[in-house]
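A quick write-up on the structure given underneath.
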Amino acid sequence: MNWRRSEIPPLNETQFQSWQTLLEERTGMYIPFERRSLLQSSLVIRMREIACTDYEEYLGKVLEKPAGVMEWSTLIDRLMVRETRFCRNTESLALVQRFLTKRIIDKSEGAPVNIWSVGCCTGEEPYSLAIACNEAYLENDLTPRFGVSGTDISLSALQIARAGQYSRRQMSNMDQEWISRYFEQTGEEQFSVQPGLKQKVCFSMSNIVDIEKNPLRNLDVIYCQNVLVYFREEKKIKVLDSLAERLAPGGLLVIAQGETSKWRHQSLEKVDDNLTLAFVRKEPTVTTQITH
Ligand SMILES: C[S@@+](CC[C@H](N)C(=O)[O-])C[C@H]1O[C@@H](n2cnc3c(N)ncnc32)[C@H](O)[C@@H]1O
5 MNWRRSEIPP LNETQFQSWQ TLLEERTGMY IPFERRSLLQ SSLVIRMREI
55 ACTDYEEYLG KVLEKPAGVM EWSTLIDRLM VRETRFCRNT ESLALVQRFL
105 TKRIIDKSEG APVNIWSVGC CTGEEPYSLA IACNEAYLEN DLTPRFGVSG
155 TDISLSALQI ARAGQYSRRQ MSNMDQEWIS RYFEQTGEEQ FSVQPGLKQK
205 VCFSMSNIVD IEKNPLRNLD VIYCQNVLVY FREEKKIKVL DSLAERLAPG
255 GLLVIAQGET SKWRHQSLEK VDDNLTLAFV RKEPTVTTQI TH
């Protein structure tokens with residue numbers, strides 16, 4: 005078939021498989037053949053921008069070292085699902101707040117609380133967690149001492165997160181009282197995260213597929229929502245096992261309901277709550293050796 009220069013043909017099965025494999029290896033995201041059009045439309049948009057009309061040629065550009073690194077990063081920004089908002093899952097967030105209200109009291113000598121938002125996207129989730137944590141301190145009449153780390157694979161999402169500027173639309177789930185307390189209005193529909201809260205949240209690029217490279221450990225809360233939905237079971241289990249090992253004793257792992265149904269971990273106990281899917285890391289049991 006003869007295609008005009010500006011036209012890009014549909015992905016054939018072999019081309020689709022090459023892209024499918026690369027994406028799964030590098031991001032964990034598995035695209036079944038039925039959803040080929042999703043991948044194809046993102047590829048075509050990007051290929052048009054750089055005047056490339058051949059999928060193999062574009063794959064070659066992405067794989068090229070070191071030049072392909074930038075192209076890969078641009079493509080990832082296009083391919084990742086960016087749906088998020090403040091207080092997106094109210095039940096999960098309320099669970100974190102209840103958990104932290106108790107945890108803060110149990111922490112020895114006012115040690116800081118450490119929270120990890122995995123796949124934090126444009127920042128709405130980690131800032132919501134920071135607010136819930138701050139509220140937990142206020143409830144206990146204690147000076148807040150905590151940090152939230154937001155990590156994501158998408159550099160452009162992280163850039164928006166660091167800027168901390170949002171429109172009212174992204175806040176539709178949030179209490180008016182929280183908006184007034186934690187945001188400064190910068191325009192008719194624009195809000196900026198209050199500096200005091202912003203400094204408690206930091207962002208970094210981290211690929212959950214390479215979780216062993218991430219230095220975060222000993223966390224009080226790990227919040228991983230709507231990130232593993234496109235992962236196949238085997239990869240999901242590997243990531244979740246690794247997250248479980250990064251919790252401090254007594255720490256809480258919260259994942260989205262529907263993210264996994266079967267996964268369990270021997271060191272974790274499921275939280276008895278129908279509205280959320282969460283696990284607490286068991287405290288180590290002290291075994292006394294009796295010597296004769
Ligand atoms: C649908 S958004 C969910 C955002 C937020 N967790 C929420 O529930 O509102 C999924 C996020 O996961 C990120 N993501 C996907 N695969 C990832 C990976 N392998 N490593 C790190 N982040 C990833 C995407 O870039 C995107 O920002």
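Add 4 to the 1-based position in the sequence shown for the numbering used here, that's all there is to it.
C-beta atoms are modelled at their ideal positions from N, C-alpha and C, and glycine is treated no differently.
All values reported here derive from a predicted model rather than from experimental measurement.
With a cutoff of 9 Å on beta-carbon distance, V213 and E29 are scored as near each other. For G151, the three-state secondary structure derived from DSSP is strand. DSSP, read as helix, strand or coil, puts E193 in coil. Q270 carries a coil assignment under DSSP once its states are collapsed to helix, strand and coil. DSSP places P253 inside the beta strand (DSSP E), whose first and last residues are 251–259. Checking the 8 Å criterion, the Cβ of N230 is within range of a heavy atom belonging to ligand 1. Our two residues, V117 and E249, have alpha carbons roughly 17 Å apart in a direct line. R172 has its alpha-carbon roughly 11 Å from the corresponding atom of Q180. Of the heavy atoms belonging to ligand 1, none sits nearer than 8 Å to the Cβ of M74.
Rounded to whole angstroms, the Cβ separation of G154 and V205 is 6 Å, and the two are in contact under 8 Å. Looking at E61, G127, S246, the one whose alpha-carbon comes closest to that of E216 is S246. Approximately 22 Å separates the beta-carbon atoms of N211 and R92; this is outside 8 Å, ruling out the contact. Under a 10 Å Cβ-count criterion, T147 is classified as exposed, with fewer than 16 other Cβ atoms of the shown protein chains found around its own Cβ. For E188, the secondary structure class from DSSP, reduced to helix, strand or coil, is strand. Within the chosen limit of 8 Å, ligand 1 does not reach the beta carbon of C137 with any heavy atom. Separation of K242 and S46 (C-alpha to C-alpha, rounded to the nearest whole angstrom) is 28 Å. The residues I35, in chain order, have a CB closer than 7 Å to that of Q24 in the same chain once the five nearest residues on each side in sequence are set aside.
Excluding five sequence positions before and after Q169, the CB atoms of its chain that fall closer than 8 Å to its own CB belong to T190, Q194, F195, S196, V197, given in chain order. Relative to ligand 1, I241 has its C-beta separated by 8 Å or more from all heavy atoms. Secondary structure remark: continuous beta strand (DSSP E) runs of at least 3 residues inside the segment 201–251, in chain order: 205–209, 223–228. Setting aside the 5 residues that flank it on each side, L97 is surrounded in the same chain by C91, S132, L133, A136, each with a C-beta closer than 8 Å to its C-beta; the list follows chain order. Assigned with DSSP and collapsed to three states, N138 falls in helix.
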